[in-house]
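Trainee: Here's a structure for you.
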Amino acid sequence: MLATPGHLEQVLDNLIANALEASPPGGTITIEGDKADYDLLVLVPPHAGQEVVAASGLGDAGAWVPTDRATLAHRDHQQIFALGDATDLPISKSGSTAHFEAPVVASRIASLVRGTAPKANYGGRVMCFLETGDGRGPRRAGRSAVASPAVRPWAAARAWATVVAGDHTEVEKMRVLVAHGSKMGGTAGIAETVGETLREAGLAVEVRAAAEVRDLRPYDAVVVGGALYAGRWHRAARRLVKGNAKALRERPVWLFSSGPLDDSASEREIPPVRQVQALMDGIGARGHWTFGGRLPSDAKGFPASAMAKRNAGDWRDSGQVRAWAARVAEELAATTAS
Ligand SMILES: Cc1cc2nc3c(=O)[nH]c(=O)nc-3n(C[C@H](O)[C@H](O)[C@H](O)COP(=O)(O)OP(=O)(O)OC[C@H]3O[C@@H](n4cnc5c(N)ncnc54)[C@H](O)[C@@H]3O)c2cc1C
Ligand SMILES: Cc1cc2nc3c(=O)[nH]c(=O)nc-3n(C[C@H](O)[C@H](O)[C@H](O)COP(=O)(O)O)c2cc1C
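Residue numbering for the sequence shown follows our numbering, starting at 38 and increasing by one per position.
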């Protein structure tokens, strides 16, 4: 991309205007520089919270206010609210974000004053205008996943970089991990079906055994499935969630269980077992589904082999699995990185 003299003039004008505004009266502004051999310069200035937040003792180490994603209240002080650039929410720091958050804060304060139950929640609405040159500027508007685990800022940065790189319609695919804890392969099969459906919806998906997963950083969203044994989730799935709680809290996450050796899971929604519910609460998972299980007639070991004598069969309902995964894909699509 070649900068036209008009572009350069505009950049210099902006630089000088900003420098004038930020300089004390009587200060000197100098412009120096070398010619660099690049087509595009993306400058990311140091990003820090406000001094006033740091001085108040209400902020974290970066001087951001620890803010509840839905209520926008300080996480330790329910009667203090934050919005705009002050929050620690990992979404765009923009005027539009503050604009969409403001009515929620106003309504919540009004409820506190009136002593009524607060109703307003922030749903993660954001908007971003990206000027990409040649008179083009795609506007990316949508709902970030802030209401549930937040879109990571680097996912937004990647999407932005893709747009800037020239193709104004293509945004890099969101990367999703589907991990499974499976003893006899039934849950692994469900995970494959989930993965296929997410791929068909345009996501970049990896399906892996939970025990093999070490690092969640490469993924923008995660689905974890576990087989149920004696009312408990498969150990590898449990360990993955417990050992990566922080990373999972920062990403959209769904869990699923596989178990019932009858039609019950196809007939009604079966809530997560207590242990899985506790895991979900710990990471703010967005949803959970219980699918039917499978018990091979040649299941090895006790008590599986004994159970298989009277209860072998396959109750996995691929239509149900696909429908659930399609809903996950839809929710992810609505999770527009701004
Ligand atoms: C160069 C630039 C371009 C941008 N372009 C866009 C854009 O195109 N679209 C967009 O949506 N967003 C844009 N933004 C981001 C947007 O400006 C901010 O996200 C938005 O202003 C945040 O609003 P705020 O009210 O949270 O914080 P601020 O606007 O920063 O307001 C905080 C206020 O608190 C005051 N303050 C600080 N300390 C004290 C104190 N001790 N006592 C009293 N007052 C105090 C500050 O002076 C300031 O007025 C841009 C930002 C920059 C820097
Ligand atoms: C010993 C044993 C205990 C089980 N306990 C449960 C249970 O508590 N709840 C349930 O829904 N399914 C239970 N099941 C069914 C399994 O969850 C089902 O077979 C599942 O599909 C196995 O998944 P996997 O093939 O991925 O290991 C049990 C199966 C066995 C063999």
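Beta carbons: idealized from backbone N, C-alpha and C, even for Gly. Since the structure is predicted, the reported quantities are computational estimates derived from the model, not experimental observations.
Taking the DSSP output, what are the residues bridged to L285?
Mentor: L285 pairs with nothing; no bridge assigned.
Trainee: Using a Cβ-Cβ cut-off of 8 Å (strictly less than) and excluding sequence neighbours within five positions of R112, which residues of its own chain qualify?
Mentor: Correct list, in chain order: P103, T104 and D105.
Trainee: Using 10 angstroms around the beta-carbon of D257, count the other beta-carbons present and answer buried if the total reaches 16, otherwise exposed.
Mentor: Under this definition D257 is a buried residue.
Trainee: Taking its Cβ as the centre, do 16 or more other Cβ atoms sit within 10 Å of F403, making it buried, or is it exposed?
Mentor: Limits of the chain in this structure are 38 at one end and 375 at the other, which puts residue 403 out of reach.
Trainee: My output table needs one value for H114: the three-state DSSP class, helix, strand or coil.
Mentor: Three-state DSSP puts H114 in coil, outside helix and strand.
Trainee: Considering only heavy atoms of ligand 2, does any lie closer than 7 Å to the CB of C277?
Mentor: Note that residue 277 is Leu in the sequence shown, not Cys. Outside the cutoff, so no.
Trainee: Please confirm whether G330 and S301 have their CB atoms less than 8 Å apart.
Mentor: No, they are not a contact pair.
Trainee: By alpha-carbon positions, which one of G161, A216 and D318 ends up nearest to G232?
Mentor: Of G161, A216 and D318, the residue nearest in Cα terms is A216.
Trainee: Looking at the secondary structure, which residues open and close the alpha helix (DSSP H) in which D141 lies?
Mentor: It should be noted that the sequence gives Val, not Asp, for residue 141. Start and end: G132 to R151.
Trainee: What are the residues that DSSP puts in a beta bridge with H217?
Mentor: DSSP lists A246 and G262 as partners of H217.
Trainee: Do H136 and S219 have their beta-carbon atoms positioned less than 8 Å apart in this structure?
Mentor: Not in contact: S219 and H136 (Cβ atoms no closer than 8 Å).
Trainee: If you scan the region 305-374 from start to end, which runs of the beta strand (DSSP E) of 3 or more residues do you find wholly inside it?
Mentor: As far as the region 305-374 is concerned, its whole beta strand (DSSP E) runs of at least 3 residues are 324-328.
Trainee: Hey, which unbroken runs of the beta strand (DSSP E) at 3 residues or more fall wholly within the region 54-128?
Mentor: You should have found no qualifying run.
Trainee: Taking 7 Å as the cut-off, is the CB of T224 close to at least one heavy atom of ligand 2?
Mentor: Within the cutoff, so yes.
Trainee: What's the C-alpha gap between V358 and H114?
Mentor: Taking the straight line from one Cα to the other gives about 41 Å.
Trainee: Use the C-beta contact count for G161: other C-beta atoms within 10 angstroms, 16 or more gives buried, fewer gives exposed.
Mentor: So G161 counts as buried.
Trainee: For W291, which option in V48, Q314, L298 and P297 has the closest C-alpha, if you only look at C-alpha atoms?
Mentor: Looking at the Cα atoms, Q314 is the closest of the given residues.
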